[in-house]
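A.B. asks: Numbered according to our numbering, the sequence shown spans residues 239 to 498.
Glycine is no exception: its CB is placed at the ideal position from the N, C-alpha and C atoms.
From a predicted model like this one, the values you see are computed outputs, not experimental measurements.
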Amino acid sequence: MAESFGTNPGRYDRARPRYPEALIERIVAASPGPRMLDVGCGTGIAARQFQAEGCTVLGVEPDARMADFARRTGVEVEEATIETWDPAGREFDAVVAAQAWHWVEPVAGAAKAARVLRPGGQLSLFWHTFQAPPEVSQALAESYHRVVPDPPVKIPRGVQTQAPPASGHNPYQQMIDKAAAGMREAGGFGAPQQWQVDWDQFFTRDAYLDLVPTQGSMTGLPPDTLAQILDAVGAAIDAMGGSFTMSHSTVAVTATRTPA
């Protein structure tokens, strides 16, 4: 699945939500300097936001299609996984990963981050968690299971059939705990800290249907199968008046590089 997101990098870059300014600003403020490494930078969505705040960003991305797209938007990218990437003696003030660290071996990734961070530098890993309205979630889940009876992957957590999660529930907590454990085991970091930024995004019918195919469970589906799912979801959105607002939380786990 990790290699499927580059199938249509233009759509991915266009449809995927940006990161809240409060999160970007908090990470930049905590960094001792502007040099930043973006792990699994994809098409450069987060990298460009950090560039806009004055950071100098180097991306590391294993998918050549995604890396090429990011370069064309002005992001410097080297093609590799973070575990195999050679820093060649370079040092950074911050290492970030936006919606990407779950593809990284957590101890090896944290060890590489510790190797390239200057003392006081920040490792910041973050993910979006969201919940569409129940009508949209149910249409997406039911149509997916109807036309993909033996799915290669489960329906994404963000589009489950149940009602919105209870306040404070975080479906990415397992990923965050695993990342924090990797930081502790790798050594070289202070105690990991967890925090989040809550925000809302307005979706028209077309904007949401543009987003759905970029999700992991959808990227490898045949076009006719995907079309059936989009028809069902589109009908649900039409029944709601053609648009909706979706609640998001961007959750982060961060740690500071300690002196050697």
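Can you list, in chain order, the residues of its chain with a C-beta nearer than 7 angstroms to that of Ala424? Leave out the 5 residues immediately preceding and following it.
C.D. replies: Excluding sequence neighbours, Ala424 sits near Val345, Ala348, Ala349 and Ala352.
A.B. asks: Here's a check: name, in chain order, each residue in its chain whose Cβ is nearer than 7 angstroms to the Cβ of Asp331, leaving out the five neighbours to either side.
C.D. replies: The answer, listed in chain order, is Ser269, Pro270, Gly271, Pro272, Arg273, Met274, Arg356 and Gly359.
A.B. asks: Could you compute how far the alpha carbon of Leu363 sits from the alpha carbon of Ser455?
C.D. replies: Each residue's Cα considered, the two are about 22 angstroms apart.
A.B. asks: Report the residue from Pro300, Ile265, Cys293 and Thr294 whose alpha carbon sits nearest the alpha carbon of Thr281.
C.D. replies: Closest option to Thr281, Cα to Cα, is Pro300.
A.B. asks: Identify the residues that DSSP records as bridge partners of Thr367: which are they?
C.D. replies: DSSP lists Ser487 as partners of Thr367.
A.B. asks: Would you identify the three-state DSSP class for Gly437, choosing helix, strand or coil?
C.D. replies: The question names Gly, but residue 437 is Trp in the sequence shown. Residue state, collapsed to three classes: strand.
A.B. asks: In angstroms with no decimal places, state the Cα-to-Cα distance between Pro402 and Ala285.
C.D. replies: Reliability fails at Pro402, whose pLDDT of 34 lies under 50, so the model's placement of it is uncertain and the value that follows must be treated cautiously. Distance between the alpha carbons of Pro402 and Ala285 is about 30 angstroms.
A.B. asks: So what's Met274 in DSSP terms, helix, strand or just coil?
C.D. replies: Strand at Met274.
A.B. asks: Look up Gln453 in the DSSP assignment and say whether it is helix, strand or coil.
C.D. replies: Coil, per DSSP.
A.B. asks: Could you check what DSSP says for Val374 in three-state terms: helix, strand or coil?
C.D. replies: It is helical.
A.B. asks: What's the gap between the Cα of Thr463 and the Cα of Ala473?
C.D. replies: Using only the alpha carbons, I get a separation of about 16 angstroms.
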